[in-house]
Amino acid sequence: MGMGRRKSAAIVAAGPADAPPEKSAWEDGTGAPREREALLAWWTESVERLTSALREAGPDRGCWTWWGDSQSPQTSGAWARRQVPEIAVHTYDVQLTVGDPEPLPDEVALDGFDDCQFTLCSTDVAWPHEPAVVDYYATEGRSWRLRLSRDGAWTARLGAPAASEDPDPDTADASARGTASDLVLFFYGRIPPDSLKLELDGDRRIFDQLIAWDPSV
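The sequence shown begins at 1 in full-length UniProt numbering and counts up by one.
1. Return the chain-ordered list of same chain residues with a C-beta closer than 8 Å to the C-beta of D173, the five sequence neighbours on each side being excluded.
2. The alpha helix (DSSP H) with E107 in it runs from where to where?
3. Taking just the CA atoms, how far does T75 sit from L146?
4. Comparing C-alpha positions only, which one of T123, H129, W154, V108 sits nearest to V184?
5. If you count every other CB in all the chains shown that lies within 10 Å of the CB of D208, and 16 or more means buried, which is it?
6. How is the alpha helix (DSSP H) around W154 delimited, first residue to last?
7. Enumerated in chain order, which unbroken segments of the alpha helix (DSSP H) with a length of 4 residues or greater are wholly contained in the stretch 31-84?
8. Taking only three categories from DSSP, how would you classify G178?
9. For C63, collect the residues of the same chain with a Cβ closer than 8 Å to its Cβ; drop the 5 residues on either side in sequence, then sort them by chain order.
10. Can you give me the Cβ contacts of R5 inside the same chain, cut-off strictly under 6 Å, excluding the 5 residues immediately before and after it?
11. Near W42, which residues of its chain fall below 7 Å by C-beta distance, leaving aside the five closest residues on each side in sequence?
Written out as structure tokens, the structure reads:
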């Protein structure tokens, strides 16, 4: 986790670029220390590097990102947003290791799932299967629609049906419903598709195809 924050800090600090900075910009070759107090100090410094770089850059400055073909902006603000669900999920992992894990906080989970859809799922790479529409419903009251086709994968937020002047005529081929926390954990591979924590409807094969799909290959 600490090395990831250091790498993110170096990327943000470098500003607009077509490639990430050299590895030497964030790693000195020694790695994270093993002794507890030294490790905590190293982790604290890692976070301070990132927060300092983000403050100096501001939210709108451009920088390199690995999600250039997605719907998310290539800015330092987008990097800041990415940190929150990543750290939250890793915190869940630690809790799972030592005992009963707690769900992600509602606000973190809702924005984290939004980030999953617009950053991790959206791409202009052609979907290699039959076109499909997938809807996601968070029990907290928000919902999203993912369209999969030869044009790629594109996400839209769904409003309340009564408020829509031009309702979408398409019916979803598959849908998932659960808490925002469970939806995030599902996308990060912490909850399997057949988990009782999620309600999956429609063609469940689409979820297996999404899990197996790597647009970068």
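Idealized CB from N, CA, C, for every residue including glycine. Bear in mind the structure is a predicted one, so any value in this text is a computation, not a measurement.
Let me lay it out:
1. For the purposes of this step, residue 173 is taken as residue 173 along the sequence shown, with counting starting at 1. For D173, where only same-chain residues beyond five positions count, the Cβ hits under 8 Å are A132, V133, V134, G202, D203, I206.
2. Within the sequence shown, residue 107 is the residue found at index 107, counting from 1. That run of the alpha helix (DSSP H) goes 106-115.
3. On the sequence shown, position 146 is the one that residue 146 refers to. On the sequence shown, position 75 is the one that residue 75 refers to. Those two C-alpha atoms are separated by around 23 Å.
4. For the purposes of this step, residue 184 is identified with residue 184 of the sequence shown, where counting begins at 1. Taking only the C-alpha atoms, the option nearest V184 is V108.
5. Residue 208 sits at position 208 when you count from the first residue of the sequence shown. By the 10 Å Cβ count, D208 comes out exposed.
6. Start at 1 with the first residue of the sequence shown, and residue 154 comes out as number 154. Note, W154: premise wrong, no alpha helix (DSSP H); beta strand (DSSP E) at 152-158.
7. Within the stretch 31-84, the complete alpha helix (DSSP H) segments at least 4 residues long are 36-57, listed from N- to C-terminus.
8. Along the sequence shown, read from residue 1 onward, the residue named residue 178 stands at position 178. Annotated three-state conformation of G178 is strand, per DSSP.
9. Reading the sequence shown from its first residue, position 63 is the one you call residue 63. Cβ-Cβ distances below 8 Å link C63 to I11, V12, A14, G15, P16, A17, A57, Q74, T75, S76, W79 in the same chain, with the five nearest sequence neighbours on each side left out; the list follows chain order.
10. Position 5 of the sequence shown, counted from the start, is the residue given in the question as residue 5. Take R5, set aside five residues on each side of it, and the residues of its chain with a beta-carbon closer than 6 Å to its own are S46, V47, L50, in chain order.
11. For the purposes of this step, residue 42 is taken as the residue at position 42 of the sequence shown. The residues are G2, A32, P33.
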